[in-house]
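J.:
And the structure:
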C-alpha cells in the first residue's frame with residue numbers, strides 16, 4: 001500500500017502503529033462516555049461487533065488489525 005500526497009509517499013504504511021496507546025482509556029472514562037452518549041455496555045458491545053463485522057468484509061483493510 002502506498003499513501004501520500006505526491007510530495008511525500010509512505011510505502012506499506014502501518015495504520016496500527018501505536019494503536020494501543022491511541023485506544024487506551026483511563027479507569028472511569030468508559031462509564032463517563034457511556035453516560036454522556038446515553039448508551040449501556042450491551043449496546044456498546046453490539047456496536048463494536050457491528051464495526052468488527054463490517055471491517056472483516058473490507059478487503060482493502062489489513063486483516064486482523066482491529
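Residue numbers (UniProt numbering): 1 to 66.
Backbone N, C-alpha and C define an ideal beta-carbon position, used for all residues, glycine too.
On a predicted model such as this, the values are computed, not experimentally measured, just so you know.
(1) Quick check: the Cα distance between residue 26 and residue 58, rounded to an integer number of angstroms?
(2) Are residue 34 and residue 41 closer than 8 Å when you measure CB to CB?
(3) Cα separation between residue 43 and residue 61?
(4) Tell me the rounded alpha-carbon separation between residue 63 and residue 46.
T.: The structure says:
(1) Here residue 26 refers to the residue found at position 26 of the chain shown. Here residue 58 refers to the residue found at position 58 of the chain shown. If you draw a straight line from the Cα of residue 26 to the Cα of residue 58, it comes to about 30 Å.
(2) Position 34 of the chain shown holds residue 34. Position 41 of the chain shown holds residue 41. Against a cut-off of 8 Å, the Cβ pair of residue 41 and residue 34 comes out as a contact.
(3) Residue 43 sits at position 43 when you count from the first residue of the chain shown. Residue 61 sits at position 61 when you count from the first residue of the chain shown. Between the C-alpha atoms of residue 43 and residue 61 there is a straight-line separation of about 25 Å.
(4) Taking the chain shown and counting its residues from 1, one reaches residue 63 at position 63. Taking the chain shown and counting its residues from 1, one reaches residue 46 at position 46. Straight-line Cα distance between these residues: approximately 20 Å.
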